[in-house]
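For reference, the structure discussed in these notes is given below.
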Amino acid sequence: MNDASPAPASAPSAGGRRVRVRAPELIGKGGWINTGGKDLKLADFRGRTLILDFWTFCCINCLHVLDELRELEEKHRDTLVIVGVHSPKFVHEAEHQAVVDAVERYEVRHPVLDDPELTTWKQYAVRAWPTLVVIDPEGYVVAQHAGEGHANAIRTLVEELEAEHAAKGTLRRGDGPYVPPEPAATDLRFPGKAVVLPSGNLLVSDTTRHQLVELAEDGETVVRRIGTDGDGEFREPQGLALLPSGQVVVADTVHHALKLFDPATGTVERIAGTGRQWWQGSPTSGPALDVDLSSPWDVAWWRGKVWIAMAGVHQIWTYDPETRTVEVAAGTTNEGLVDGPAAEAWFAQPSGLAATADRLWIADSESSALRFIDTEGDGYTVHTAVGTGLFDFGHRDGAAGQALFQHPLGVTALPDGSVAVCDTYNHALRRYDPASDEVTTLATDLREPSDAVVVGEDVVVVESARHRLTRLRLPEEAVRVEAVAHRTRREATEVAPGRLRLDVVFQAPKGQKLDERYGPSTRLLVSSTPPGLLLAGEGTGTDLFRDLELNPELTEGVLHVSAMAASCDDDPANEYPACHVHQQDWGVPVKVTDAGTARLPLILAGMDG
331 MNDASPAPAS
341 APSAGGRRVR
351 VRAPELIGKG
361 GWINTGGKDL
371 KLADFRGRTL
381 ILDFWTFCCI
391 NCLHVLDELR
401 ELEEKHRDTL
411 VIVGVHSPKF
421 VHEAEHQAVV
431 DAVERYEVRH
441 PVLDDPELTT
451 WKQYAVRAWP
461 TLVVIDPEGY
471 VVAQHAGEGH
481 ANAIRTLVEE
491 LEAEHAAKGT
501 LRRGDGPYVP
511 PEPAATDLRF
521 PGKAVVLPSG
531 NLLVSDTTRH
541 QLVELAEDGE
551 TVVRRIGTDG
561 DGEFREPQGL
571 ALLPSGQVVV
581 ADTVHHALKL
591 FDPATGTVER
601 IAGTGRQWWQ
611 GSPTSGPALD
621 VDLSSPWDVA
631 WWRGKVWIAM
641 AGVHQIWTYD
651 PETRTVEVAA
661 GTTNEGLVDG
671 PAAEAWFAQP
681 SGLAATADRL
691 WIADSESSAL
701 RFIDTEGDGY
711 TVHTAVGTGL
721 FDFGHRDGAA
731 GQALFQHPLG
741 VTALPDGSVA
751 VCDTYNHALR
761 RYDPASDEVT
771 TLATDLREPS
781 DAVVVGEDVV
791 VVESARHRLT
801 RLRLPEEAVR
811 VEAVAHRTRR
821 EATEVAPGRL
831 RLDVVFQAPK
841 GQKLDERYGP
851 STRLLVSSTP
861 PGLLLAGEGT
871 GTDLFRDLEL
881 NPELTEGVLH
891 VSAMAASCDD
901 DPANEYPACH
911 VHQQDWGVPV
921 KVTDAGTARL
931 PLILAGMDG
């Protein structure tokens, strides 16, 4: 995921010693969560290693990092404190209750500072979600990491800081400030998706309790639960797809797998994924049980295959039950909104799917877009029905070309040929009609709707943040709402006209080196919006630096930067060293001014010295 703010201050290194910069205070207008009502200051963490996790709950990469940090957090619980700094992208994410809900939904077991005005984000010069900042027990910043894949590097640094400060006498052991919330008694807890079974009952993914729940036709009475909370059968399951056989494919999101549930026997079987998260360079096709997946969020049965919204890598994949294979069907792994041939299209965290005879509809959440795949000639083509890109969102009806959604997670085919969109962060059910090419609002006052299913003349909506299913009669007339348009709040980086030096800062973690055994171990991809912003420097290369040339006729735009680096343990005696992939995407809004900088540093790992 991406965003940007002013460049971080350079911190020169002397004599090879670790750079240390005094950490700014932690300030957030929303206050603290998971502390039992206590307000915390930076001084409260003195004597402990502190990791600030700058995140926002819409961001799949942020959710990956939460999982990456869990083992480290538990192992060093008496010397390490992780603090989540929630820094919103969407307007809904600036609502305090929404942050409280997200902390419970994703089982965040450390203090969280709600920073709706991005005060601490700016103080720490953060540029992207997620970003991790490591602060030593004396209150100095010693490292910054953007993106995923840094868990091993941070583990090594935490162990080093623990030993160093224990020897100095500046380490303080003891219980941390985390206070768990009181558990709530509800039949469902942040349900994700639903499907109608042949029996007429409803099957729901009860995401936070890691279960499937079968409900009677009334949508309220619990018939049975599949997967006991905590037994490991599911981990934050989301999408459900009914197969012609009556079996159900489940997107087991955090397990990075597809499971097959048989309602007749109650059995659950893994049919795709290894349980490991897919990384750049991993296979993208092959026997389904041998290929890694990445946060599958929804599934749909279309044209004899299971189509998968692979939110973690911004792609659409397929699973073929006859050959038991998976493969990429659309998307490049680059995050954005680009239409065209399936292999060249860009998605942004696709999270909802719905199939009709001639189209596969896609709720593309991070671009606040409704998109679809159809066939043109011999292949599949991606189109956008509603939406313009990563930074524009709102609640506006009318002609599709100017209509706006806000982070939709679900899409449902309606009997009349239109589709209903669960406009999640607008708390609304919207409708897009391909015949008129218009968007209307069907219902409001829903709470984070994430999916819907048609039952007779009704539509049953999964109200995720109200922990229930809500039955609505499909209205003949739309609801009138006041049009609202938003752009992601972010400060543009002022850059000088002409040549701009782009430097992605990456320092291999201690005890590791860049993995050059099979060729270059780094990759840098640069593009821009609008495309004419760059006269030179666009494209893919293996160096983590690039000289860009800006178009003097354009004064603002967004630079899209994607970087990857692979490092391996530096032990000549080990024939098979452990290797780690570090990657991040940035969207950097820039404004061309005469007083702007001629160098743009983006930190992947380390400090900009």
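Adding 330 to a residue's 1-based position in the sequence shown gives its number in my numbering. Ideal Cβ placement from N, Cα and C applies to all residues, glycine included.
- Per DSSP, Ala481 is not a residue of any beta strand (DSSP E); the alpha helix (DSSP H) it occupies stretches across 481-498.
- A Cβ-Cβ contact shorter than 8 Å links Ala659 with Trp647.
- Around the Cβ of Arg796, a 10 Å sphere holds 16 or more other Cβ atoms; the residue is buried.
- Secondary structure at Glu355: coil, using DSSP grouped into helix, strand and coil.
- If you compare the alpha carbons of His440, Glu355, His406, Glu447 with that of His426, the shortest gap goes to Glu447.
- A residue is called buried once 16 or more other Cβ atoms fall within 10 Å of its Cβ, and Thr663 is buried on that count.
- Contact annotation: the stretch 912-920 touches the stretch 450-460, with at least three C-beta pairs closer than 8 Å.
- Counting the other Cβ atoms within 10 Å of the Cβ of Lys523 gives 16 or more, which makes it buried.
- When the beta-carbon positions are compared, Val834 and Leu874 come within less than 8 Å of each other.
- Between Arg853 and Met894 a beta carbon distance of about 4 Å is seen, short of the 8 Å cut, so the two are scored as contacting.
- Taking one beta carbon from each stretch, the stretch 398-406 and the stretch 709-726 have fewer than 3 pairs nearer than 8 Å; the two do not touch.
- Put simply, the stretch 480-490 does not touch the stretch 735-747. Fewer than three CB pairs are less than 8 Å apart.
- Boundaries around His426 are those of the alpha helix (DSSP H), 426-435, since no beta strand (DSSP E) includes it.
- For Lys589, the secondary structure class from DSSP, reduced to helix, strand or coil, is strand.
- Below 8 Å, too few C-beta pairs join the stretch 545-556 and the stretch 605-623 to call them touching: fewer than three.
- If you ignore the 5 residues before and after Thr409, its C-beta comes within less than 7 Å of the C-beta of Arg378, Thr379, Glu492, Leu501, Arg503, all in its own chain and listed in chain order.
- Taking a C-beta distance under 8 Å as the contact criterion, Leu776 and Asp788 do not qualify as a contact pair.
- One thing to note: Glu879 has its Cβ within 8 Å of the Cβ of Leu865.
- Separation of Arg701 and Val429 (C-alpha to C-alpha, rounded to the nearest whole angstrom) is 28 Å.
- Sixteen is the threshold: when 16 or more other Cβ atoms of the shown chains lie within 10 Å of the Cβ of Asp383, as they do, the residue is buried.
- With fewer than 16 other Cβ atoms inside 10 Å of its own Cβ, Gln732 counts as exposed.
- DSSP links His816 through a beta bridge to Phe723.
- Exposure of Lys359 is indicated by the presence of fewer than 16 other C-beta atoms within 10 angstroms of its C-beta.
- Of the residues assessed, Asp708 falls on the exposed side of the cut-off, its CB having fewer than 16 other CB atoms within 10 angstroms.
- For the pair Leu734 and Cys389, the Cα-to-Cα distance works out to about 19 Å.
- One Cα belongs to Leu844, the other to Gly479, and the distance between them is close to 14 Å.
- A residue is called buried when at least 16 other Cβ atoms come within 10 angstroms of its Cβ; Ser535 meets this threshold and is buried.
- Within its own chain, the residues whose Cβ lies closer than 8 Å to the Cβ of Gln837, once the five positions on either side in sequence are excluded, are Ala935, Gly936, Met937, listed in chain order.
- Asp763 and Val922 have their C-alpha atoms some 40 Å from each other.
- Here the alpha carbons of Asp753 and Thr583 stand approximately 21 Å from one another.
- By the CB criterion at 8 Å, Val920 and Glu886 fall inside the cutoff.
- Thr870 and Leu855 have their C-alpha atoms roughly 4 Å apart.
- Per DSSP, the unbroken alpha helix (DSSP H) holding Trp451 starts and ends at 449-453.
- Here DSSP, grouped into helix, strand and coil, assigns Glu787 to coil.
- About 6 Å separates the beta carbon of Thr714 from that of Leu667, a gap short enough to meet the 8 Å contact definition.
- With distances taken between CA atoms, Val421 lies nearest to His816 out of Asp899, Ala925, His816, Thr558.
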